[in-house]
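In our numbering, the protein residues as written are -15 to 372.
Don't be surprised by glycine CBs; every beta carbon is placed ideally from N, CA and C.
Given the structure is predicted, the values throughout are model-derived calculations rather than measurements.
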Amino acid sequence: MADARKKNPNGAGTITLRKDGRYQAAVYVLQPDGTRARKFAYGKTWTECDTKRRALLDKVDNGVPVPTKSMKLAEWLPYWLEQIVTPRRKRTTVAKYEVHVRLYLVPMLGTKRLESLNVGEVRRFLTQLEKKTSAATAKESHRVLRSALTAACREELITRNVATLVEPPSVAARDLEPWSLDETLDFLSAARKDPLYAAFVLAIALGFRRGEIVGLRWENVDLDKREIRVRTQRQRVGGEVYEDDPKGRRRKQTLPLPAFCVAPLRWQRMKQADMCEKAGERWEETGYVFTTRSGRPIEPRNLYRSFTRVAKDAGLRVIRLHDARHGTATLLTAAGVPPRVVMEILGHSQIAVTMNVYTHVVQETQREAVGHMDRLLRSGAPLPIRSR
-15 MADARKKNPN GAGTITLRKD GRYQAAVYVL QPDGTRARKF AYGKTWTECD
35 TKRRALLDKV DNGVPVPTKS MKLAEWLPYW LEQIVTPRRK RTTVAKYEVH
85 VRLYLVPMLG TKRLESLNVG EVRRFLTQLE KKTSAATAKE SHRVLRSALT
135 AACREELITR NVATLVEPPS VAARDLEPWS LDETLDFLSA ARKDPLYAAF
185 VLAIALGFRR GEIVGLRWEN VDLDKREIRV RTQRQRVGGE VYEDDPKGRR
235 RKQTLPLPAF CVAPLRWQRM KQADMCEKAG ERWEETGYVF TTRSGRPIEP
285 RNLYRSFTRV AKDAGLRVIR LHDARHGTAT LLTAAGVPPR VVMEILGHSQ
335 IAVTMNVYTH VVQETQREAV GHMDRLLRSG APLPIRSR
C-alpha cells in the first residue's frame, strides 16, 4: 500500500506522487548568487522523499546555498571571491586572488563544472600555465584553486577537492643577498640628508615593512621610554590607499626602540613641526610620523623610490626595501641574537619562517660555533703518544 500523502505548511515545500510511482519533493532553496529557485528531490516512498525535503529545509533555515543546477568554475569563482574571500581576508589578498581568477583560472578552467573537474584537468592546467608564465605563478594559481574548491566542499557543492590531489609545481627558493654590514653603513651614511632618513633607519634597525613605516603614528612612538608599536599599515590596492591591520604578530608588539633610532625620530619630529609652521592653514594634521609638506601621509611607493635613489647615488647594489628586513635578520643573527628573538623583532608568525629565510646566516653561525668547539677540544685534549 502506497504511503498516504500528507499536507505540509506554507513554505515547507510540497510532496507529490509522480506517474512513474516515485514521490517528488519541491522546495524553494537559496542559490549561490542570492536568488531563490525550486529544488526537486525524489524517493521511492513518501517517507524517503520527506526526509530529503527536511534536509533541504534545514539548509534553507541555515542559509546554506543549494544550487539547482551544476555550477561552472566561471560562476563559482567570482561568487567565492565576493561572498567568501572579501569579507574575511585582507584587501591585498583579495586583489592577488582576483588576478589569478581573472587571468588564469576562469579563462583556462571556467567551462568545467565543479563536480566534474578531475585530477587530470587540474594537472594539465598547471602544466600549461607553468609553460605560459612561471612555476611560481602556477603554484600560486594552484593555491587559489585549492582554496576555492575547499570552500565549495564546505558549501556542500562538491564532495571532494581534486586540487589537493595534485602536487603543485616546485619553485626554486629566491637567493637572498641582503646588504653586508659595510654596505648598510654606506647606505645610512649616504641617506643622512634625505627627508626619509628616519624611515630608512626603522627599516634597517627593526625590519619595518613599507606599509608599517608609512602607517606609523606618533601616538605609537614613545621616545622617552624608547618604545615603539605598530598598530596600522597603509597599503595601495586598485588605485586606493587605505589603512589595514599589520601582518602577523606586529599588532600585539611593543618593541624596544634602539638608541640608534631615537635621534633620527627626534629630528623627524622637529622637521615636521617646521613644515607645519610653514604650511600654516594648508597643514592637515593626520598624526603620521612621515608626511608630505601639507601633513598628509606619504605615498607608499614614494618610500621605495627614495630608497632606491639613495642606493644608486651611493653606488650600492639596488635591493628591495623589503630586503632590508633580511638585512636586519642577518645583522641580528650574526651578532648572536637567538632566532626566537629575531622572529619577535621582525613579527614573523612562525619560527620556521625566520629559519627558512635566513638559513645562510645560521650556517655561518654554526661554522663559528663548531670552530670554537674545535679550539676548546684541541686546547684541552692530551697529545697522542707515539709508539717507538
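| field | Three-state class that DSSP yields for residue 400 in the structure shown | value | What is shown of the chain runs -15 to 372, which leaves residue 400 out entirely.
| task | Can you give me the Cβ contacts of residue 298 inside the same chain, cut-off strictly under 7 Å, excluding the 5 residues immediately before and after it? | result | For residue 298, where only same-chain residues beyond five positions count, the Cβ hits under 7 Å are 170, 171 and 174.
| Do you know offhand how far residue 184's Cα is from residue 290's? | Each residue's alpha carbon lies about 10 Å from the other.
| According to the Cβ coordinates, are residue 78 and residue 69 closer than 7 Å? | Yes.
| said: Could you compute how far the alpha carbon of residue 286 sits from the alpha carbon of residue 242? | reply: About 25 Å.
| Nearest residue (CA-CA) to residue 281, options 195, 261 and 326 | The residue among 195, 261 and 326 with its C-alpha nearest the C-alpha of residue 281 is 195.
| request: Give every residue of the same chain whose Cβ lies closer than 7 Å to the Cβ of residue 147, excluding the five residues on either side of it in the sequence, and list them in chain order. | output: 106, 126, 129, 130 and 133, listed in sequence order.
| To which residues of the same chain is residue 222 closer than 7 Å at the C-beta, ignoring the five residues directly before and after it? | Cβ within range, chain order: 79.
| If we count the other Cβ atoms within 10 Å of its Cβ and call it buried at 16 or more, is residue 2 buried or exposed? | So residue 2 counts as exposed.
| query | Is residue 24 buried or exposed, if buried means 16 or more other CB atoms sit within 10 Å of its CB? | reply | Residue 24 is classed as exposed because its beta carbon has fewer than 16 other beta carbons within 10 Å across all chains shown.
| said: Looking only at its chain, what residues have a beta carbon closer than 6 Å to the beta carbon of residue 163, apart from the 5 residues adjacent to it on each side? | reply: Contacts found: 311.
| task | Excluding the 5 residues preceding and the 5 following residue 6 in the sequence, name in chain order all residues of the same chain whose CB lies nearer than 7 Å to its CB. | result | The answer, listed in chain order, is 26, 27 and 28.
| Residue burial classification, residue 367 (beta-carbon count within 10 angstroms, cutoff 16) | Legend: pLDDT at residue 367 = 49, less than 50; position of this residue unreliable, no value from coordinates given.
| said: Which residue wins for smallest C-alpha separation from residue 329, given the options 240, 150, 75 and 205? | reply: Taking each of 240, 150, 75 and 205 in turn and checking the Cα distance to residue 329, the smallest one comes out for 240.
| field | Boundaries (first-last residue) of the alpha helix (DSSP H) holding residue 195 | value | 194 to 198 is the span of the alpha helix (DSSP H), which, as asked, contains residue 195.
| Does the count of Cβ pairs from the region 86 to 95 and the region 107 to 117 closer than 8 Å reach three? | Short answer: they touch.
| said: The alpha helix (DSSP H) that contains residue 185, what's its start and end? | reply: For residue 185, the enclosing alpha helix (DSSP H) covers residues 181 to 189.
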